[in-house]
Amino acid sequence: MSALTLAKCYCPSGGKFGIPTYPWRYAPTGLATRRQLRALGLRPGGQEVAAQVLRPRYRRGPLVAYLYRVDRAKPVRPMTPGKRAALAKAMRARRTCPNCRTDAGYVIPTSLGMCVPCAYPEEQHAA
């Protein structure tokens, strides 16, 4: 990243963007994204966004990642049996073909809306 690009994305006071802003990979320690918190077994826990990281892109708007304070993060809630059952039911529904009502063994592509054998029956017979 060039020095000019770094300067456009650097405003630790928050005057330019409303919240403290840092270039990609230059966030101070003690701040983390949602994914980084999750990897640590934490969640934001209702806290406000503490800062943001910007990654400039050619001919497009910058990518933004919001940062949260690690010291204010709370532990991830444990999985309850009811939640586990609800997630299993939702995943089963994503694998069930609406045409033939069978479990496809994979998540049905939304672009097809049905399992591959139902979407392309002529190719299945040729094979």
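Take 7 as the starting number for the sequence shown in the numbering used here and just add one per residue.
Think of the CB as a built atom: it goes at the ideal place given N, C-alpha and C, for glycine as much as any other residue.
Predicted model only: the values in this text are computed from it and were never measured.
Own chain partners of residue i with C-beta closer than 8 Å, once the 5 adjacent residues on each side are dropped
i	result
A79	A38, L43, L46, L48, R49, P50, G51 and Q53
G111	R101
A92	none
Among the options, the one whose alpha carbon lies nearest that of residue i
i	options	result
V55	E129, K22 and P26	P26
P29	K14, P123, P127 and C121	K14
V113	P123, P127, R31 and M97	M97
T35	A57, P68 and D109	A57
R107	K89, C121, K95 and P84	C121
G33	Y16, R83, K95 and M85	The residue you asked about is not Gly; residue 33 is Ala in the sequence shown. A33 has its Cα closest to that of Y16, out of Y16, R83, K95 and M85.
R41	R66, Y64, V82 and P18	V82
Beta-carbon proximity list for residue i, same chain, < 6 Å, skipping 5 on both sides
i	result
L118	A125
G20	P26
A71	T39 and V59
P18	P26
L69	R61
Taking contact to mean at least 3 C-beta pairs separated by less than 8 Å, is the segment 99-106 in contact with the segment 64-84?
Segments in contact, no.
Enumerated in chain order, which unbroken segments of the alpha helix (DSSP H) with a length of 4 residues or greater are wholly contained in the segment 24-87?
For the segment 24-87, whole alpha helix (DSSP H) runs of length 4 or above, ordered along the chain, are 40-45.
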